[in-house]
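Heads up: the structure comes next, in structure tokens.
Residue numbers (the UniProt record's numbering): 1 to 698.
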């Protein structure tokens with residue numbers, strides 16, 4: 001490679017170096033041309049004119065390069081929307097890169113012209129300024145003599161002869177007529193005794209300690225010059241004595257008007273100098289404003305085009321933060337050949353993945369919520385501050401059944417918050433609670449667990465309703481008792497019945513008719529109650545033993561009619577009315593359901609005192625056979641009705657074993673047993689049996 005090729009490769013660098021060197025030499029000449037003594041004034045003026053033209057050329061060249069560079073970027077970028085934050089940063093970079101060198105150039109040029117003008121008028125204004133200063137000094141001395149003169153007049157005419165010194169006299173007799181701005185009288189301790197000020201002086205002035213000492217020792221007038229509210233004030237202090245020989249210090253003052261010595265009329269040539277400086281200033285400002293305008297316009301264009309894709313990404317992320325993943329309406333133009341294109345494509349892929357993950361998480365949450373809501377226990381989740389985060393449906397139903405106002409009321413009964421503070425939950429904690437709310441007795445099993453969800457400490461509370469278990473426990477004990485009672489009752493019944501029959505047979509042959517009648521009535525009563533005891537023992541037996549169901553297909557209507565036919569003969573004063581829309585065909589245990597009808601009809605006949613009407617309705621609805629039995633008795637008590645609704649068999653013992661057996665048989669068939677009061681009197685018993693092909697004993 002020869003020298004010429006090397007020179008061509010480095011030509012651009014050489015041009016830049018020559019340009020910078022030329023600028024440096026030009027600036028040095030601008031700031032130092034007035035120090036060249038070998039040049040005459042006319043030669044310096046010619047050089048100044050040439051340098052001024054060079055400044056304009058520099059500005060134009062600078063603008064050319066700025067426009068060339070910015071428009072090169074402008075045409076490479078498509079116009080998009082503006083992203084404020086990044087746009088401001090980009091605009092600031094371009095704006096500063098334009099303004100900073102422009103300010104240096106303009107300020108340097110202005111300083112150069114100012115220095116030139118100062119050099120031109122320096123000698124001319126020196127004499128003018130000296131002359132004005134001389135005039136100002138004469139004005140100062142004249143005012144000092146005037147204040148001293150007026151001070152002596154006040155001492156001679158007033159202070160030395162007045163009976164009493166008054167501020168009013170000083171103001172009206174002397175300050176107004178003497179055109180003074182202040183008259184003050186001080187004692188030799190420096191304390192202000194009397195004063196009067198014009199509107200030019202808004203506050204008390206005082207006397208400096210140095211002046212006070214000088215007056216004490218030398219007894220000659222002292223002058224002070226001070227600035228009050230940006231205004232020059234001249235005061236003269238004179239030592240004096242009053243009529244009684246007391247020593248005082250009189251101070252007279254006047255605000256000086258020095259503005260007239262600095263007015264433009266004192267320097268008529270200064271007007272032209274100011275005009276020319278304004279012209280130069282306006283020229284520099286115009287150029288600067290032009291550059292600022294160009295910088296703002298070009299910077300905003302560039303910022304807008306560079307940041308619109310980012311703005312669209314911001315809008316898309318805002319929608320995603322609101323869980324709105326439909327971003328198709330947002331224009332996310334992809335430039336596959338640049339970094340923005342890669343960013344946009346990656347963002348779209350990320351949105352797709354997030355949407356899939358969100359849908360999967362939603363399905364998982366729904367699945368988890370469904371599991372928690374269908375658990376047979378109450379689930380409560382609290383955060384670290386004991387605020388409720390989740391409450392399952394089973395717990396909500398529990399609150400409704402036991403008439404709690406809210407979950408907080410239940411937690412207060414359990415003293416849960418105190419437990420959470422005192423119990424170590426590193427391992428699960430379990431405790432059984434027994435308490436009464438109103439007339440309802442509640443048995444709850446409480447389990448406390450500590451959970452760490454999403455790096456946050458939470459507490460899970462599991463509430464298990466132990467009432468059914470408690471009832472089953474009590475029922476089991478009662479069944480054992482029932483077996484013993486049934487055994488003890490049934491054993492002597494047969495001998496008693498046989499003995500009564502033997503007694504009636506033996507004695508009936510030898511007694512008179514009246515005595516025989518008494519015997520027969522007595523034995524009939526005994527036999528009747530023996531039969532009642534036998535039925536009671538039988539009911540105890542069936543209640544104590546969990547029967548096995550002999551399920552077979554049959555008609556509930558026929559099953560009911562068989563039982564009703566027996567009672568129609570035994571109780572002629574009880575009217576039975578059966579209305580059936582269906583034969584009630586389903587799968588059931590015929591023997592056990594006969595016991596259901598027997599027990600229910602027995603209870604109704606007792607409630608009606610063996611007189612009244614029993615209506616039986618049979619229908620089919622929604623895959624169930626529905627039997628309604630309505631009597632005209634006194635009606636079932638409300639507490640028994642509530643116990644049946646809650647499935648509390650223990651408390652049904654007060655109403656007889658028959659109702660318990662009927663309820664148990666219906667439940668074994670997975671049916672529904674409901675009891676209501678009839679209007680105006682009586683009881684309505686509703687039994688619903690599902691029409692299924694197979695039943696399991698639970």
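For each residue, glycine too, the CB sits at the ideal point set by N, CA and C.
Predicted, not measured: the structure shown is a model, and the values here were computed from it.
Within a 10 Å sphere around the beta-carbon of residue 669 sit 16 or more other beta-carbons, which makes this residue buried. Here residue 462 is bridged, per DSSP, to 379 and 447. Between the C-alpha atoms of residue 418 and residue 643 there is a straight-line separation of about 34 Å. Collapsing the DSSP output to three states places residue 608 in coil. A distance of 9 Å or more separates the beta carbons of residue 433 and residue 448.
In this structure, DSSP gives residue 631 an extended state, which the three-state scheme calls strand. A Cβ-Cβ distance of about 6 Å is found for the pair residue 504 and residue 519, placing them in contact under the 8 Å criterion. In terms of CA proximity to residue 349, 313 leads the group 557, 382 and 313. In this structure residue 537 is buried. Its beta-carbon is surrounded by 16 or more other beta-carbon atoms within 10 angstroms.
Across the structure, residue 257 and residue 103 are spaced so that their CA atoms are roughly 40 Å apart. When the Cα atoms are used, residue 363 and residue 371 turn out to be separated by approximately 12 Å. In this chain, the beta strand (DSSP E) harbouring residue 239 covers 231-241. A check of alpha carbon separations from residue 183 across 575, 596, 155 and 231 identifies 155 as the nearest. Between residue 614 and residue 577, the C-beta gap is smaller than 9 Å, which places the two residues in contact. The three-state secondary structure of residue 226, taken from DSSP, is strand. Pairing residue 511 with residue 523, the inter-Cα distance amounts to about 14 Å. Within 10 angstroms of the beta-carbon of residue 570 lie fewer than 16 other beta-carbons, which makes it exposed. Among the bridge pairs identified by DSSP, residue 616 is matched with 578 and 629. Around the beta-carbon of residue 663, 16 or more other beta-carbon atoms lie within 10 Å, marking it buried. Excluding sequence positions up to five before and after residue 579, its CB lies within less than 8 Å of the CB of 615, 616, 617 and 618, all in the same chain and listed in chain order. Between residue 665 and residue 592, the gap from beta carbon to beta carbon is short of 9 Å. For residue 21, there are no CB contacts under 8 Å within the same chain when 5 residues up- and downstream are skipped.
Distance from the CA of residue 441 to the CA of residue 402, rounded to the nearest whole angstrom, comes to 9 Å. Here residue 422 is exposed, its C-beta having fewer than 16 other C-beta atoms within 10 Å. Look at the beta carbons and you see the segment 158-166 not touching the segment 224-233: under three pairs across the two are nearer than 8 Å.
Relative to the Cα of residue 549, the nearest Cα in the group 588, 416, 246 and 493 belongs to 588.
With a cutoff of 9 Å on beta-carbon distance, residue 626 and residue 684 are scored as not near each other. Going by C-alpha positions, residue 410 is about 19 Å away from residue 375. The Cβ atoms of residue 583 and residue 558 lie closer than 9 Å to each other.
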